[in-house]
Amino acid sequence: MVLALQSGVQVSVESKVVQGLSNRAVEGRLSLEQALAQLLDDRGLAWQYSHDNAITVYPRDADQVLQLDSTRVTTPAVEYQSERTVDRRMIESLPAGNGDITSLLRTNPSVQFDDSQLGGKNPGEIGPANVSINGARYWQNLFVVDGMSMNNDIDPGSVTDSYDQVAGRSQGLALDTDLLQDIKVYDSNVPASYGGFNGGVIEANTRNPTRDLHGKVSAQMTRSAWTRYHLDKDDPDLEAFEAGYGTGNQPEFDKLITRATLEGYLTDNFGLMGSFSRKESTIPTRTFALSHNTDQANEEHEQTRRIDNYFLKSVWQINDDWGLDVSLTHAPEVAHTYGSNALYSGRDTTAGGDAVSARLLWNAPLATVEQVLSWSRLENSRDSESDYLIAWRTSTTKNWSGSTTASEGGMGDIEQEQEQLAYKLKVDWNGFQALGLEHNVQTGLELSQSSTFYDRSTPYTSYSVAGMTSTATCVGNDPLCSVGKTVNGWKGQYAKTKTITEGKVEFDSQSWAVFLQDEMRWGRLKVRPGVRVDADDYMDKTTIAPRLAVEFDVFGDGQTRLIGGANRYYGRNLSAYRLRDGVAALQSNYTRASQTSNWVYSSQVANGAKFNSLDIPYDDELTLGVTHIQWNTEFALKYVNRKGHDQISRAWGSQIGQPSTDLKELASNYFTYYNGGESESEIYSLTVTPLRDFSFWGTSTTGQVGLDLTDVQSSGLSDYTTSIGLLYVDDPVIQYQGKFITYSQRPAENYNRPWTARLTTMTAIPQLNLNWSNFLRYRDGYRRIAGTGATVEHNGEQVRVWEETDYAGALTWDTRLGWELPTAKDQALFVNLDVSNLLDKVIVSSTDSDDVVTYEVGRQFMLEVGYRF
207 MVLALQSGVQ
217 VSVESKVVQG
227 LSNRAVEGRL
237 SLEQALAQLL
247 DDRGLAWQYS
257 HDNAITVYPR
267 DADQVLQLDS
277 TRVTTPAVEY
287 QSERTVDRRM
297 IESLPAGNGD
307 ITSLLRTNPS
317 VQFDDSQLGG
327 KNPGEIGPAN
337 VSINGARYWQ
347 NLFVVDGMSM
357 NNDIDPGSVT
367 DSYDQVAGRS
377 QGLALDTDLL
387 QDIKVYDSNV
397 PASYGGFNGG
407 VIEANTRNPT
417 RDLHGKVSAQ
427 MTRSAWTRYH
437 LDKDDPDLEA
447 FEAGYGTGNQ
457 PEFDKLITRA
467 TLEGYLTDNF
477 GLMGSFSRKE
487 STIPTRTFAL
497 SHNTDQANEE
507 HEQTRRIDNY
517 FLKSVWQIND
527 DWGLDVSLTH
537 APEVAHTYGS
547 NALYSGRDTT
557 AGGDAVSARL
567 LWNAPLATVE
577 QVLSWSRLEN
587 SRDSESDYLI
597 AWRTSTTKNW
607 SGSTTASEGG
617 MGDIEQEQEQ
627 LAYKLKVDWN
637 GFQALGLEHN
647 VQTGLELSQS
657 STFYDRSTPY
667 TSYSVAGMTS
677 TATCVGNDPL
687 CSVGKTVNGW
697 KGQYAKTKTI
707 TEGKVEFDSQ
717 SWAVFLQDEM
727 RWGRLKVRPG
737 VRVDADDYMD
747 KTTIAPRLAV
757 EFDVFGDGQT
767 RLIGGANRYY
777 GRNLSAYRLR
787 DGVAALQSNY
797 TRASQTSNWV
807 YSSQVANGAK
817 FNSLDIPYDD
827 ELTLGVTHIQ
837 WNTEFALKYV
847 NRKGHDQISR
857 AWGSQIGQPS
867 TDLKELASNY
877 FTYYNGGESE
887 SEIYSLTVTP
897 LRDFSFWGTS
907 TTGQVGLDLT
917 DVQSSGLSDY
927 TTSIGLLYVD
937 DPVIQYQGKF
947 ITYSQRPAEN
957 YNRPWTARLT
967 TMTAIPQLNL
977 NWSNFLRYRD
987 GYRRIAGTGA
997 TVEHNGEQVR
1007 VWEETDYAGA
1017 LTWDTRLGWE
1027 LPTAKDQALF
1037 VNLDVSNLLD
1047 KVIVSSTDSD
1057 DVVTYEVGRQ
1067 FMLEVGYRF
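In the working numbering, the protein residues as written are 207 to 1075.
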C-alpha cells in the first residue's frame, strides 16, 4: 500500500499471499519496476499489469522468472494503446517553456497546438497552451489532477475581452510541472472511468513526499534581450509593435520563475510536501496608438502577468490496507493590462483558484477501492480601474487623443466563478474465472454539484456625449461636462445618454455518472467491453457511452500485439450557454434633456441571447493498431478515426428559424446555440521507443521517435464562440482547391498540421554531472484557409470559392543542458540552460486577412539556477 500511494498505481494482492511478511523500506529514486524488484524478488512473488493503471501481485512458480525493464522512457507497453505518459524523468529533463502541463505534450503525436501559441509578437506570456487531441475542440478535453477534475467550464472558448466578456481558458489551474510525478494522456480506447470529453483526457498526478527530508529552491529567467524576434517587414503595424502598443505587442519583457519545495516523512507512515512557485512577466506597453501624439498618449505603462502555486500534500499510510492522501492547492493568476486608446483603462484579469482533494485507497478482501472527494473554486473575472467609459470628442481640454474621440475609462468589473463539490468511487474487483474466461471487473460512481455565476454587482456605466452650442458653461461640479472647443466645433460637451449594467446571472446544476467495464482474457485474446452513463439537470439529458477495446497477443509472448476499439465519448456542457442568456438584459438606458436636467429612465435593453436545451456533443471512435517489440525497441503504429456529432454552433435566431417574437424581451439580432456542427478526423501515428538505454563511453541515452499524419475536417459550425454568418448556416456547397465540397468538409483552419515528425533524446553523462536533452520537431507548414470573395457556377447556382495558401515547413530544435555541482551527500547546486529554436528558424505562425505574416519566436535562452538538498 505504501508503494501504491507513492507511485499512484493501484496494487491488488490477496491477504493470504502476504501473510506473515513484514514491510521493507524502499528508498531512492527508483522506477516502478525497480521498486517492485526490491520488494518482491526474494519473496517468491511476481507481478503483472492487470488493467488500467493497476498491478496484481501473486505467488511465483518455482521455474518462473520475473522479467524487469527499468530503463523505459515511459511506462511499459500500454494496454490497448490507450495512453501515453510523460514520466518524472522526462518532466525533469525536457525543456518545458513556462513549466506548464500542456507544453510537455509536444512529444505526443495525437496532440496539436494552436498555430498562434508560439507567435513571435507576444513571447512575454506565461499562460498554459491550448491543445487539441485527435481533432476535437480544445475546450473539450478533460483535465484531471490527482483524480479531481480541474476544467474551467465558465467560458473556455472565449478569446476576447469586451465590456461584457472575459477571455477564458479550459485548464482551470495552471499547475507548475515541478509538482508532478507524471502526465498521462488518454487519446483512444479511453476506459469507461473517464467521461466529459470529446478529445482526450489529460491526467496529472502530483509527486508524493520523499522518505527523508529534502528540499529545493531555484530561480529561472528569460527576457527579450535573450530572444530573437522574426518580423514581417511589410507588416503595416510594425511600428506599433516596436512601440509596444496594445496587449499583444511585446518587444520587451522580463520573465522570472521562482520555486521552493520542502518534503519528507514526519513519522514512519505520514509524509508532507509543501511547494511554492511564482511565474512573473513584466512587459512595458503603450496604451495609445502612435497616431495619438500627445504627452499623455506617449506615456509608458507596464503590463504584468503572474501565476502563483501554493501546494501542500500529505500522505498517510494508515495500515497495510488503508491509505489516504490529501492535497490543498491555491493557484491564482492575474494579468494586468490596459484598454486601447483610453485614459484610466487599467484592469486585472484573474483566473485560477483553489482546490482541495482527498483520495482514500482501501485494499479490501474482494477489491481495491479508490474514493476521491474534492472541492474547487475557479474564476474568470475582471477588476477594472474605472467603472465607467465615456467617449469625449477631442477638444482643447480633452486633448490626449490624436483622433476625433478621446476615450476615458474602462470596461468595468465582472466576477465569474465556478464552485464544484465532487465525489468519485472506483472499485477494481479481484479477478475471477467464469465461463472459461478470466475477468477483471471495474465499477464506479460519480456525483457532482456545481454553482456558477456571472456578477456585475458594481454598476458599470457607459456614456454618450452631446454638444453645447449656445453656452459653454458647466453648472455645478459635474464630471460629465467639459468646456472646450471640440474638433467638430462644439463650445463644450456633456454626457446626454448613459447605459447602466448591473445584476447577476447564476444557476446550479447536479450531475451523476456510473460506469462498468470488464476486461476478459481468453488465451492470447483480451476484450474490454464497458459502458458509461452520464446525466445532469443542466441540459436534462442522459447519455450512454459504450466502450470496447480488443487486444490480441499474436505469438503469446507479449512481443506482437494487435489492438482495436470502438468507443463513444460525450463532451461537457459549458456554463457559457446559459450565462449569456440574460447578460444583455442587465442593461438599462437613461437620458437627460440638458446638462442640468435629471437622468430619466428610458428603456431596458432587450436580451441579446437565448438559452436552448441542447443535445450533448459526442465523438464516435474507431481505432486499429499494432505494437511489436524487436531489438529491445517497441514499434507502435496506430490509426484513429473520430466522427463528431451534435457539436455546438452559434447563430442568430433568425438564421435557424427562431426569430424573436417580442422585441422588448428578445432583440431582433439575438444569438442562440444549437447542435449544428459535425467533424471528422483521421490520425495515423507511429512511435519508436527504445526499452533500454544506449550506453556509450560511460554515458546513457534514451529517447523516442514519433510521426503523425493528421487530417481534420471541421468548420465554424463546430465553434460556439462566434456566429457563423448567414452565408454558411445551411452548410452549402463551396469550391475548395478546385473541388466542390460542403462548407463543413473544409480542413480545420487551426490545430491541424498535416504531418509532424518528432525526435526526443535524453542523455546522462555522469562523469561530468551533466544531462543533455533534445526535442526536435519537423512540422508541415502553416496553411491559410480562407474565402477569396469570388464565386463560380455549380449545378446552376453560384457557389463561393475558398483557397488554401501553403507555407514551408520547418525544423525546430529545443535543447536543455543540466549540470550539477555536488556539495554534500544528497545535496547539489544545479544549473539548467534551455534553448528553444536553437537553429533560429524563421517559421510562419499565422497570417491575417491581408496575408500579413506573423512568425514564431526565434532562438530564446532560459536559465535556471538552484540548490537541492
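Backbone N, C-alpha and C fix where the C-beta goes; we use that ideal spot for every residue, glycine too. These numbers were taken from a predicted model, which means no experiment stands behind them.
Original post:
Does the distance from the C-beta atom of Ser316 to that of Gln648 stay below 8 angstroms?
Top reply: If you number the sequence shown from 1, residue 316 lands on position 110. If you number the sequence shown from 1, residue 648 lands on position 442. No, the Cβ-Cβ distance between Ser316 and Gln648 is not below 8 angstroms.
**OP:** Could you check the C-alpha separation between Thr997 and Ile947 for me, to the nearest Å?
**Re:** The count along the sequence shown starts at 1 and reaches residue 997 at position 791. The count along the sequence shown starts at 1 and reaches residue 947 at position 741. Taking the straight line from one Cα to the other gives about 14 angstroms.
Original post:
Quick one: Cα of Gly912 to Cα of Glu505, how far?
Top reply: Residue 912 sits at position 706 when you count from the first residue of the sequence shown. Residue 505 sits at position 299 when you count from the first residue of the sequence shown. Near 49 angstroms, if we compare the C-alpha coordinates of Glu505 and Gly912.
Subject >> beta strand (DSSP E) segment containing Phe900, residue limits >> reply: The sequence position of residue 900 within the sequence shown is 694, counting from 1. Phe900 to Phe902 is the extent of the beta strand (DSSP E) around Phe900.
Original post:
On the three-state DSSP scale, how would you describe Thr839?
Top reply: The residue you call residue 839 lines up with position 633 of the sequence shown. It is a strand residue.
**OP:** Give me the Cα-Cα distance between Glu725 and Gln323, rounded to the nearest whole angstrom.
**Re:** Working through the sequence shown from its first residue, we reach residue 725 at position 519. Working through the sequence shown from its first residue, we reach residue 323 at position 117. So the two alpha carbons sit approximately 40 angstroms from each other.
Subject >> Element boundaries [beta strand (DSSP E), containing Phe447] >> reply: For the purposes of this step, residue 447 is identified with residue 241 of the sequence shown, where counting begins at 1. Premise fails: Phe447 lies in the alpha helix (DSSP H), Leu444 to Glu448, not in any beta strand (DSSP E).
**OP:** Ignore the nearest five residues each way along the sequence and tell me which others in Gln624's own chain have a CB closer than 7 angstroms to its CB.
**Re:** If you number the sequence shown from 1, residue 624 lands on position 418. Here the set comprises Asn358, Asp359, Ile360, Leu584, Ser656, Thr658 and Ser781.
Subject >> Buried or exposed by the 16-neighbour rule on C-beta atoms within 10 Å, applied to Asp914 >> reply: Here residue 914 refers to the residue found at position 708 when the sequence shown is read from its first residue. Buried, since its Cβ has 16 or more Cβ neighbours within 10 Å.
Original post:
How is the beta strand (DSSP E) around Ile940 delimited, first residue to last?
Top reply: On the sequence shown, residue 940 is found 734 positions in, with the first residue counted as 1. Run containing Ile940: Val939 to Tyr942, per the beta strand (DSSP E) assignment.
Original post:
Do the segment 811-824 and the segment 848-866 meet, that is, are 3 or more Cβ pairs less than 8 angstroms apart?
Top reply: yes
Original post:
How should Ile1085 be labelled, buried or exposed, when 16 other C-beta atoms within 10 angstroms of its C-beta is the threshold for buried?
Top reply: Because the chain here runs from 207 to 1075, residue 1085 falls outside it and cannot be looked at.
Subject >> CA-to-CA distance, Glu285 to Arg434, given in whole angstroms >> reply: Mapped onto the sequence shown, residue 434 falls at position 228. Mapped onto the sequence shown, residue 285 falls at position 79. Roughly 43 angstroms separates the two Cα atoms.
Subject >> Candidates Lys691, Arg786 and Ser670: closest to Gly679 by CA position >> reply: The count along the sequence shown starts at 1 and reaches residue 679 at position 473. Looking at the sequence itself, residue 679 is Thr, so the reference to Gly does not match. The option with the nearest alpha carbon to Thr679 is Lys691.
**OP:** Measure the alpha-carbon distance for Thr602 versus Tyr660 and round it to whole angstroms.
**Re:** As a position in the sequence shown, residue 602 is number 396, starting the count at 1. As a position in the sequence shown, residue 660 is number 454, starting the count at 1. Going by the C-alpha atoms only, they are around 40 angstroms apart.
Subject >> Beta-carbon separation (whole angstroms), Ile332 vs Lys422, contact threshold 8 angstroms >> reply: Locating residue 332 in the sequence shown gives position 126, where the first residue counts as 1. Locating residue 422 in the sequence shown gives position 216, where the first residue counts as 1. About 21 angstroms; that fails the 8 angstroms criterion.
Original post:
Would you say Asn683 touches the ligand SAH, meaning its beta carbon is less than 7 angstroms from a heavy atom?
Top reply: Ligands are entirely absent from the displayed structure, and the ligand SAH is therefore not among its contents.
Original post:
Quick one: what's got a C-beta closer than 8 angstroms to Thr677's C-beta in the same chain, skipping five residues either side?
Top reply: As a first step, residue 677 is located in the sequence shown; it is residue number 471 there, counting from the start. Hits under 8 angstroms: Lys697 and Gly698.
Original post:
Do you know offhand how far Leu373's Cα is from Ser487's?
Top reply: As a first step, residue 373 is located in the sequence shown; it is residue number 167 there, counting from the start. As a first step, residue 487 is located in the sequence shown; it is residue number 281 there, counting from the start. The question names Leu, but residue 373 is Ala in the sequence shown. For Ala373 and Ser487, the distance between alpha carbons rounds to 19 angstroms.
Subject >> beta strand (DSSP E) runs wholly inside the segment 496-553, at least 3 long, in chain order >> reply: 506-523 and 528-544
Original post:
In or out: His1000 buried (at least 16 other Cβ within 10 Å) or exposed?
Top reply: As a working mapping, residue 1000 is identified with position 794 in the sequence shown. That one is exposed.
Original post:
Asn340 and Ser887 look like a contact to me (Cβ under 8 angstroms); what is the Cβ gap, rounded to whole Å?
Top reply: Along the sequence shown, one-based indexing puts residue 340 at 134. Along the sequence shown, one-based indexing puts residue 887 at 681. 6 angstroms between Cβ atoms; contact.
Subject >> Ser546 and Glu591 closer than 8 angstroms at C-beta >> reply: On the sequence shown, position 340 is the one that residue 546 refers to. On the sequence shown, position 385 is the one that residue 591 refers to. No; because the gap between Cβ atoms is not below 8 angstroms, this pair is not in contact.
Subject >> Nearest to Val1041 (by Cα), restricted to the options Gly682, Val689 and Thr428 >> reply: As a working mapping, residue 1041 is identified with position 835 in the sequence shown. Residue Thr428 is the option with its Cα nearest to Val1041.
**OP:** Classify Thr610 as buried or exposed, calling it buried when 16 or more other Cβ atoms lie within 10 Å of its own Cβ.
**Re:** Here residue 610 is taken as the residue at index 404 of the sequence shown, counted from 1. Its Cβ having fewer than 16 others within 10 Å, Thr610 is exposed.
Original post:
Is the segment 755-771 touching the segment 786-802 in the sense that three or more CB pairs, one from each, lie closer than 8 angstroms?
Top reply: no
Original post:
Where does Leu572 sit, in a helix, a strand or coil, going by DSSP?
Top reply: Along the sequence shown, read from residue 1 onward, the residue named residue 572 stands at position 366. Leu572: coil per DSSP, three-state reduction.
Subject >> Start-end ranges of the beta strand (DSSP E) lying completely within the segment 977-1003, minimum 3 residues >> reply: 989-1000
Original post:
Taking three-plus beta-carbon pairs below 8 angstroms as touching, is the segment 782-791 in contact with the segment 814-828?
Top reply: yes
Original post:
Looking at Tyr845 and Gly831, is the spacing between their C-beta atoms short of 8 angstroms?
Top reply: Position 625 of the sequence shown, counted from the first residue, corresponds to residue 831. Position 639 of the sequence shown, counted from the first residue, corresponds to residue 845. Closer than 8 angstroms, so yes.
**OP:** Return helix, strand or coil for Ser657, following the three-state DSSP convention.
**Re:** Along the sequence shown, read from residue 1 onward, the residue named residue 657 stands at position 451. Note: Ser657 maps to strand in three-state DSSP.
Original post:
Does the segment 434-453 touch the segment 464-474, meaning 3 or more C-beta pairs lie closer than 8 angstroms?
Top reply: no
Original post:
So, are the CB atoms of Ala842 and Thr833 less than 8 angstroms apart?
Top reply: The count along the sequence shown starts at 1 and reaches residue 842 at position 636. The count along the sequence shown starts at 1 and reaches residue 833 at position 627. Against a cut-off of 8 angstroms, the Cβ pair of Thr833 and Ala842 comes out as a contact.
Original post:
According to the Cβ coordinates, are Ala446 and Thr383 closer than 8 angstroms?
Top reply: As a working note, residue 446 is residue 240 in the sequence shown. As a working note, residue 383 is residue 177 in the sequence shown. No.
**OP:** Throw me the rounded Cβ distance for the Ile706 and Pro752 pair, which I believe falls under 8 angstroms.
**Re:** Translated into positions along the sequence shown, residue 706 becomes position 500. Translated into positions along the sequence shown, residue 752 becomes position 546. Actually they are not in contact, since the Cβ atoms of Ile706 and Pro752 sit about 52 angstroms apart, beyond 8 angstroms.
Original post:
Shortest alpha-carbon distance to Ile596 belongs to which of Leu386, Ser582, Leu1044 and Tyr669?
Top reply: As a first step, residue 596 must be located in the sequence shown, where it is residue number 390. Nearest of Leu386, Ser582, Leu1044 and Tyr669 to Ile596, Cα basis: Tyr669.
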